[in-house]
């Protein structure tokens, strides 16, 4: 088998493995009754909660998220009514209030909500989902919809972590994606967040946007490093205009070619490393003292629908339109259409429209993939202890496939272990894809985001 060429493996598409099986495997055979049964069977223990706020005032052309573009802020109130009903249904199904160790508000733009609406939402959530003393409470912030006063209010509501959507600081790139925000405004918010005592700030960037060049991206990297956020997420843009209508406003000719994308990706890794950031996994970086970096070094890293996490592998309740959750060995997703979501709750029903109950093969492969994604090491003995069987017999095909990664220096095939090398850690999801049985069908990888 020929040696694997790293650039070839980067210029492809693959799952992000916030779950296994991935969400495209969910089906409409799983509905509200299945979710209630899963909730009734769940083992006691703290929960993680995700709340999706879909509204945005303007569209970012690169966006592939579930969103509602509107300047009519009065649409938020009926949505909060629906969320209140959904939270109440979960309170009943769970048998009362539950402790949570993690809460994340995403979107869309959560800061589309007013201070009063955010106060109302948090009060409603706390009636059913009660944060532990060390809980992580995070929210995504669009710098265009937040100011110093808004950050003060978020801190008063108990949020201790912020994620700022930046994507790129170059004015030409910002014009091309319809997301204009100055470096100075973001800098002021990051400094304010630090002064207010937020435990962690994250900055999101995207590699591969229209009009991006290695030179322009170097300037953005320098500006981000000067902000010194605790965490950085560097995503790769996947241009799929046939699936995501806003992307049709991006001219394909403006997109950087594969060598330029790869050059920018490598420059980012080098730049962040030079400024004290550890690669957490895939496309996430954190300062060496950040809890995420510490968890990575100590082998305590986990992964769920919210991405990499320091939280133990706990159940996740997804609230809001299109939200995804996991209870035990089941995954569930709410209606993606806002009207359908609200109408279902108006009838007093959980808005779950699709999901999946994992089988035995799914569970063993999930453990294998998450071991690679989170720890960079797959221990044959540990898999056998949890699932039985003989690892080398169960995964003979996968071990043969991994030989090409070993030839390229991306993994070490040790006796009874698969270990990801420092070079392989940059393409860890490509390595994990070897264990994904659902990808053995032609054309499946085009559903996912670009690896590099």
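Residue numbers (our numbering): 55 to 506. Built from N, CA and C at the ideal position, the CB exists for glycine as well.
Under three-state DSSP, which class holds residue i?
i           : result
residue 291 : coil
residue 153 : strand
residue 114 : coil
residue 47  : Since the first residue of the chain shown is 55 and the last is 506, residue 47 is not available in this structure.
residue 134 : helix
residue 220 : strand
residue 188 : strand
residue 239 : helix
residue 411 : strand
residue 142 : helix
residue 394 : helix
residue 296 : coil
residue 423 : helix
residue 459 : helix
residue 159 : strand
residue 234 : coil
residue 83  : coil
residue 57  : For residue 57, the predicted model reports a pLDDT of 38, less than 50, meaning its position is unreliable; a value from the coordinates is still stated below. Looking at residue 57 - three-state DSSP - the assignment turns out to be coil, as it is neither helix nor strand.
residue 168 : coil
residue 361 : strand
residue 406 : strand
residue 126 : coil
residue 304 : coil
residue 91  : helix
So with Cβ pairs under 8 Å, would you call residue i a contact of chain C?
i           : result
residue 109 : Structure shown: chain C not included; a single protein chain is present.
Let's test the definition: count the other Cβ atoms within 10 Å of the Cβ of residue i and tell me whether it reaches 16, buried, or not, exposed.
i           : result
residue 251 : exposed
residue 280 : exposed
residue 401 : exposed
residue 465 : buried
residue 255 : buried
residue 206 : exposed
residue 135 : exposed
residue 386 : buried
residue 424 : buried
residue 396 : buried
residue 487 : buried
residue 398 : buried
residue 290 : buried
residue 284 : buried
residue 126 : exposed
residue 500 : Residue confidence for residue 500 is low, a pLDDT of 47 falling below 50, so the modelled location carries little weight; the figure read from the coordinates is stated next. With fewer than 16 other Cβ atoms within 10 Å, it is exposed.
residue 296 : exposed
residue 260 : buried
residue 140 : buried
residue 435 : exposed
residue 239 : exposed
residue 73  : buried
residue 343 : exposed
residue 102 : buried
residue 270 : buried
residue 484 : buried
Give me whichever residues DSSP pairs with residue i in a beta bridge.
i           : result
residue 313 : Its beta-bridge partners do not exist; DSSP assigns none.
residue 380 : 370 and 385
residue 471 : 433 and 468
residue 331 : 341
residue 183 : 152
residue 194 : 217
residue 101 : 154
residue 120 : DSSP, once it has assigned bridges, lists no residue as partnering residue 120.
residue 106 : 160
residue 356 : 363
residue 286 : 257 and 339
If contacts are defined as beta-carbon pairs under 8 Å, then residue i and residue j qualify, I think. What distance do you get, rounded to the angstrom?
i           : j           : result
residue 369 : residue 382 : 7 Å
residue 416 : residue 75  : 6 Å
residue 265 : residue 332 : Going by Cβ atoms, the distance from residue 265 to residue 332 rounds to 30 Å, so no, they are not a contact pair.
residue 384 : residue 147 : That pair is no contact at about 13 Å.
residue 82  : residue 407 : 6 Å
residue 156 : residue 363 : 7 Å
residue 196 : residue 165 : 6 Å
residue 258 : residue 298 : Not a contact, Cβ separation roughly 17 Å.
residue 273 : residue 224 : 7 Å
residue 293 : residue 306 : 7 Å
residue 116 : residue 304 : 7 Å
residue 154 : residue 185 : 6 Å
residue 347 : residue 341 : 6 Å
residue 181 : residue 130 : So it is not a contact: roughly 19 Å between Cβ atoms.
Please find out if some non-hydrogen atom of the ligand GDP comes closer than 7 Å to the beta-carbon of residue i.
i           : result
residue 347 : Although the ligand GDP was asked about, the structure shown includes no ligands whatsoever.
Practice problem: Any chance you could list the alpha helix (DSSP H) runs of at least 4 consecutive residues sitting entirely within the stretch 249 to 284, in chain order? | Solution: The qualifying runs are 268 to 281.
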